[in-house]
Each structure stands twice: as C-alpha cells, then as structure tokens.
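Peer 1: Below is one structure. I have some questions about it.
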Amino acid sequence: AISVLYSQKEELRTAACDFWCPAVRLDVKDKEQPTGVQWFPNYSDLRTALEIYGFLLDVPPQGESAIVGDHNRGPPDNIQMWIKFTAACCQGRGKRCIFFSSEAETLLEVVVLLSLDRKLEGFLLLLHETVQSVINYFTDEEWQGACQNVARSLACRNQPRANNFRAAVSHQLLLNCFDKVNNEEGILSCLIAINMVEKECDLFKMYIYLTLTENWLLSTSVLEDKPLMCEMWGVYLRHCTFQISHGDLRPYAAKIRAKATYLLHSKTKKY
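Numbering (our numbering), first residue to last: 134 to 404.
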C-alpha cells in the first residue's frame with residue numbers, strides 16, 4: 134500500500150520509495166513496469182497524507198511552521214518521502230496524467246510553502262527540485278493561468294512572506310541581468326551607469342529593470358538599513374527622470390519617466 138511511504142520505520146519508507154517513485158514515472162506500456170501494479174495514487178491520496186502530518190493548507194500561517202507538532206523536534210522524517218513521491222508523480226506527466234491542473238496548482242503552492250518553512254531547511258535542495266518538477270508538470274497552455282493563480286494564492290496567504298519572496302526573486306533576476314555583479318551596490322551601480330539618452334538604449338529593458346528594482350528595494354527594509362543604498366536608489370531615479378525628456382517619443386519612455394517621478398516623490402516624502 135502507498136501508506137508505507139510514510140511509515141515511521143526508515144527501512145519501509147526507503148523500500149516503498151524505491152518501488153513507487155520509478156513506478157509512477159514509467160509508461161503504462163513499459164515492459165519493465167513493476168508486476169501487479171494496477172493502481173496508482175491520485176491527488177486525494179497525497180492530500181490525505183499531507184494532512185496526517187498536520188499541514189494546515191487552508192489556514193494562513195502567521196510566521197510559524199506549516200507543519201504542526203513539536204517545534205523542538207523538527208519536521209517528521211517521513212515528510213521527505215512525501216516530497217520525493219510528489220516530484221516523481223509530476224515527472225510522469227508524459228506517461229499518465231495523475232492530477233488535474235487545479236490540483237497541481239495546489240501541490241505547487243504546498244511545496245513552495247514547505248520550502249519557506251524553517252523546520253525544513255535540510256530539505257531545501259529536494260524541495261527546489263520538486264518545485265521544478267511540479268512546474269514542468271503543466272503544459273504551456275496550463276502554465277499561463279496556473280502561474281497567476283499560484284502567485285495570487287501565495288500573496289494572499291501571508292503578506293510579509295509574499296513581500297520577501299517578491300524581493301528575493303527580483304534581486305536574483307537583476308543579478309542574472311548583469312555579469313560579474315554579486316552584491317546589492319553593484320546592481321545599482323550598473324543601473325546608474327546606463328545612458329538612457331542614447332537612441333539605441335532599449336527602454337523596454339530599462340522599464341523591466343526599474344520595475345524589478347522597485348520590487349526588490351521597496352518590498353523589504355534594505356533602504357532603511359543601508360543609507361548608501363537609499364542614496365544610490367535616489368540617484369538612479371533621478372537619472373530615469375532627467376535622461377528621458379517629456380518629448381521623448383520612444384516606446385516606454387513615458388512609462389519610465391512617470392514611474393521614476395512617482396517613486397522619487399514617494400522616496401522624498403518617506404526618507
């Protein structure tokens with residue numbers, strides 16, 4: 134039975150995981166499919182197992198662990214098998230469709246929440262791989278709507294964590310945009326160095342940079358904690374307003390100027 138995956142006995146969990154994970158990845162016509170396997174788990178089975186752990190999916194967390202239990206003991210050992218098995222189920226999408234799109238959205242939300250749980254820090258690599266597996270479960274058409282639904286749901290669950298998540302993603306995207314930059318000041322230095330007066334400057338990309346920087350800096354307390362960053366942020370915003378004139382007809386010129394002007398005005402009032 135699938136329940137042995139979550140057994141308290143490590144040898145049973147390991148044996149069950151070694152059997153079931155390859156089984157759900159195999160094609161239904163594969164000759165190497167384990168003998169006698171005519172039943173496969175569904176979303177309800179995974180959800181039931183998760184609830185046994187005490188995971189409170191429908192209760193917005195207030196900073197505590199998503200796994201209910203003794204906080205001094207850490208997470209249940211068998212939650213690791215649930216994570217591995219969920220990844221395996223999603224990796225078998227090309228062979229059999231185990232979940233509806235809405236169910237996969239819920240699983241993605243669960244795995245993201247687990248990755249934010251401090252009690253599960255030891256499973257971060259496994260959780261990251263599982264997030265990728267669940268994301269890849271969606272078809273291109275399904276992902277367009279699923280991405281919005283999951284993001285909206287996560288944002289509604291816990292605003293402080295949603296802000297931290299938004300800031301972290303934006304920060305990483307900016308780091309990827311600039312080669313050889315590995316710190317916060319370096320990102321702002323690169324942005325300040327861009328000459329938007331040049332006609333060849335890609336203003337669409339500049340608008341993306343400005344939006345990402347806004348999400349990164351204004352979703353956390355970094356500007357309050359680091360005066361130099363606050364000063365550099367102001368310099369960058371002034372560059373966006375001064376280097377793009379009112380008569381600049383290039384696409385996104387007006388949007389950049391308007392956003393930068395608003396942010397600069399808000400910064401002046403706040404700091």
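Just so it is clear, CB atoms sit at the ideal spot from N, CA and C, and this is done for glycine as well. Everything numeric in this text was worked out from a predicted model, so none of it was measured.
C230: buried (16+ other C-beta within 10 angstroms of its C-beta) or exposed?
Peer 2: Taking all protein chains in view, the Cβ of C230 is surrounded by fewer than 16 other Cβ atoms within 10 Å, so the residue is classified as exposed.
Peer 1: What three-state label does DSSP hand Y385 in the structure shown?
Peer 2: Here Y385 carries a coil assignment [DSSP, helix/strand/coil].
Peer 1: Identify every run of the alpha helix (DSSP H) within the segment 316 to 395, keeping only runs that are complete inside it and at least 4 residues long; order them along the chain.
Peer 2: 317 to 326, 336 to 351, 355 to 358, 360 to 375
Peer 1: Taking the Cβ atom as the reference point for each residue, do T219 and V244 lie within a distance shorter than 8 Å?
Peer 2: yes
Peer 1: Could you spell out where the alpha helix (DSSP H) holding D151 opens and where it closes?
Peer 2: 143 to 158
Peer 1: With a CB to CB cut of under 7 Å and the five nearest residues on each side skipped, what residues in its chain are close to E238?
Peer 2: Short of 7 Å from the beta carbon of E238, and not among the five residues preceding or following it, lie these beta carbons of its own chain, in chain order: A279, N282, V283.
Peer 1: Nearest-angstrom Cα distance between Y385 and L253?
Peer 2: 43 Å
Peer 1: Helix or strand or just coil, what does DSSP make of F218?
Peer 2: helix
Peer 1: Whose C-alpha, out of F256, E144, L258, V264, is nearest the C-alpha of Q224?
Peer 2: Per the Cα distances, V264.
Peer 1: Using beta-carbon positions only, say whether V355 and I325 come within less than 8 Å of one another.
Peer 2: no
Peer 1: So E347 packs on L382, CB below 8 Å; how close in whole Å?
Peer 2: Incorrect: roughly 24 Å between the Cβ atoms, too far for contact.
Peer 1: Can you name the start and end residues of the alpha helix (DSSP H) that V314 belongs to?
Peer 2: It is not in any alpha helix (DSSP H) - V314 carries neither H nor E in the DSSP assignment.
Peer 1: Taking Cβ positions, are A300 and T353 nearer each other than 8 Å?
Peer 2: Cβ atoms of A300 and T353: closer than 8 Å.
Peer 1: Considering Cα atoms alone, identify which of H372, R290, A221 is closest to L179.
Peer 2: A221
Peer 1: Check each candidate in E364, N211, D358, L241 and name the one with the smallest Cα separation from A149.
Peer 2: N211
Peer 1: In chain order, which continuous runs of the beta strand (DSSP E) of length 3 or greater are located wholly inside the segment 232 to 270?
Peer 2: none
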